[in-house]
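Residues in the sequence shown are numbered from 1 upward in steps of one, following UniProt numbering. Below you'll find the structure, written out as structure tokens, and then a few comments.
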Amino acid sequence: MAQTDEPPPNLPPKPLSPPSDDSETTAPPRKRPRTHAPSRPPPTAQPTAKPSTTSPSTTTPPSPIYRFPIQPLNRFQGASASIKRPREVTHFSYDENHEYREDDSGINYYHAPKLNTDLKEGFSTFRHYEDTSDPHLDSLLRALASKEQTTGAKEEVDFITWRGMMTKIMTAPFDMFAEFSMLATKRDGTIYIEEDFPARAAQRDAEKDRPKPKWQQDQNLPDHKMMTYWGYKFEVLSLLPTPPSSTSAEIIANRTKAPVSNYAQHCSIVRTSFGPHSLLLGGEVDGLSGPKPPSSSAQDTPIPWIELKTAEELPPSPSHRDVLKFERKLLKFWAQSFLLGVPKVLVGWRSKMGILRGVQEIETARIPGMVRRGTACWDGNVCINFAAAFLGFLKDCVGDDGVYRVELRKKGGVVEVQKVGDGVGGIVSREFVEWRAELGAKLAKGDGGV
């Protein structure tokens, strides 16, 4: 797409100015202002595609910056855009060394954990995996290429990305502290989106040097690393490497002593859509609550995946603030599970000091209704409509060649998209590019099938 100072066509309407604080009703604190649909449609305009404010080179004009305002949310209210239930296309695993494996060896199975277990136990021996080099979309594309080599058919979609990127986009309307930096490129009609790894690495380094907030300086309270560990410990307490019916009682009983590691994982790759926009999403799944249907029937039968989460237990008579805190957490719980078609979320209720008190099963599809009847601090339909509109915006912004940064600054309220480089920037692996070229040649000759 030619880069000009004019806005690209067919962008979503530019919002009016957000309502003042005086126009809000009993909105919870620290939430993006809630807006209400006006009695008649507001006047519309186009989001501007403004040139970069940096000093232009003598030879290369600055790339335009395309802006997508988040507010006002009333333009995303109403019935949600049409969506298709996520259906698994393929999958892969990581082993105990976090090496890629093209199998289901990373699948775990749920079995109720022992209550009153101390989630802090084993923290000193925790094996915590964190990428030290940019993983790009390599594993996802490797699994996809293998699937296409088996079927001889190309998976045609508008977007390919990790589930985590879409989670950040979907939840942005109701997370006033949301921030992200992603990189996108288009090849053969598909937009590939990944995390901006250098920006994330720089942020991690900055966080290490930043003084702890006051609430984390209390030696009697757990720090962020410990609370993160609790989530992994809950997974170990709740999962088995084999179905419970074929697992010995000894292994089940010894889960409290089992080492905790996040190296081994199982990832599902699904096909879904938001309105007219089709996507392939890859993401980790925690485990199964029952047998996985055969691949031949997977198109019609949902896979009984589960998502495991922890949350601080509510007091016997929870205040509005207590409920609000939990229902805000439900936003991410829901979005993550919704995107991969995970039907159930299992919440491990813990004490302030990390003692597991109970487990609650929540159906993913019921979460938006729970919040609507509770604090109404977010709206699932708005999240879906926002994501659909934003994907359409990206289609208009991301050209056929080059790398684009997709960025939302904390409290910025506007997602900005700008071309920052040529080529595909490593987002699409060389092996996948070569495979797609080979597949294209086969399909052109009419011999793509196996």
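All C-beta atoms, glycine included, are put in the ideal place defined by N, C-alpha and C.
Run of the alpha helix (DSSP H) containing residue i, from where it starts to where it stops
i	result
residue 472	Residue 472 lies beyond the range of the chain shown here (1 to 450); nothing can be said about it.
residue 394	380 to 397
residue 419	Looking at the DSSP string, residue 419 is not in any alpha helix (DSSP H); the run it does join, the beta strand (DSSP E), is 414 to 421.
residue 433	430 to 445
residue 295	First-last for residue 295: undefined, no H or E at that position.
residue 320	320 to 340
residue 80	Taken as a continuous stretch (DSSP letters only), residue 80 belongs to no alpha helix (DSSP H), as it is neither H nor E.
residue 252	249 to 253
residue 202	197 to 209
Extent of the continuous beta strand (DSSP E) run through residue i
i	result
residue 357	356 to 363
residue 347	344 to 350
residue 404	403 to 408
residue 91	83 to 94
residue 184	180 to 187
residue 224	Careful: residue 224 lies outside any beta strand (DSSP E), inside the alpha helix (DSSP H) at 224 to 238.
residue 161	159 to 162
residue 139	Where residue 139 is concerned, there is no enclosing beta strand (DSSP E), although the alpha helix (DSSP H) it sits in stretches over 138 to 151.
residue 270	265 to 274
Residue i versus residue j - alpha carbon distance
i	j	result
residue 200	residue 100	23 angstroms
residue 283	residue 317	37 angstroms
residue 394	residue 129	32 angstroms
residue 320	residue 257	37 angstroms
residue 159	residue 92	20 angstroms
residue 384	residue 225	32 angstroms
residue 266	residue 228	19 angstroms
residue 146	residue 182	26 angstroms
residue 246	residue 112	15 angstroms
residue 419	residue 293	43 angstroms
residue 344	residue 244	18 angstroms
residue 15	residue 78	In this prediction, residue 15 has a pLDDT of 37, which is less than 50 and means its spatial position is unreliable; nothing more can be read from the coordinates.
residue 106	residue 64	44 angstroms
residue 66	residue 180	16 angstroms
residue 290	residue 414	42 angstroms
residue 410	residue 306	31 angstroms
residue 230	residue 238	12 angstroms
residue 108	residue 187	35 angstroms
residue 95	residue 71	43 angstroms
residue 209	residue 203	10 angstroms
residue 207	residue 176	20 angstroms
Pick from the options that is closest to residue i, judged by C-alpha positions
i	options	result
residue 83	427, 388 and 397	388
residue 332	431, 308 and 134	308
residue 241	430, 154, 399 and 288	288
residue 441	280, 154, 386 and 210	154
residue 310	346, 120, 102 and 439	346
residue 433	90, 80 and 138	138
residue 119	411, 353, 391 and 429	353
residue 364	337, 358, 380 and 348	337
residue 334	300, 94, 203 and 168	168
residue 131	198, 104 and 150	198
residue 236	274, 248 and 286	286
Close-in-space but distant-in-sequence residues of the same chain around residue i (CB under 8 angstroms, 5 per side omitted)
i	result
residue 85	272, 302 and 341
residue 327	370, 371, 374, 375, 377 and 378
residue 323	314, 374 and 375
residue 178	168, 171, 172, 408 and 410
residue 252	111, 240 and 244
Beta-carbon spacing of residue i, residue j below 9 angstroms
i	j	result
residue 117	residue 355	yes
residue 371	residue 330	yes
residue 427	residue 185	yes
residue 122	residue 259	yes
residue 174	residue 382	yes
residue 431	residue 141	yes
residue 350	residue 313	yes
residue 263	residue 98	yes
residue 280	residue 89	yes
residue 73	residue 269	no
residue 115	residue 358	yes
residue 406	residue 417	yes
residue 157	residue 190	yes
residue 421	residue 234	no
residue 380	residue 80	yes
residue 261	residue 127	yes
Residues of its chain near residue i, where Cβ-Cβ distance is below 6 angstroms and the 5 sequence neighbours each way are ignored
i	result
residue 193	161, 165, 182 and 184
residue 76	382, 385 and 386
residue 38	Reliability fails at residue 38, whose pLDDT of 38 lies under 50, so the model's placement of it is uncertain and the value that follows must be treated cautiously. The answer is none, since no qualifying residue turns up.
residue 404	184, 398, 417 and 419
residue 278	157 and 158
Chain-order list of residues whose beta-carbon lies under 7 angstroms from that of residue i (same chain, five-residue window excluded)
i	result
residue 136	194, 426, 427 and 429
residue 196	181, 182, 183 and 405
residue 163	281, 282, 283, 336, 339 and 340
Contact test: residue i Cβ vs the ligand PLP heavy atom, cutoff 8 angstroms
i	result
residue 389	Ligands displayed in this structure: none; no statement on the ligand PLP is therefore possible.
Short CB-CB distance (under 9 angstroms) between residue i and chain C
i	result
residue 386	This model lacks chain C altogether, as it is built from one protein chain only.
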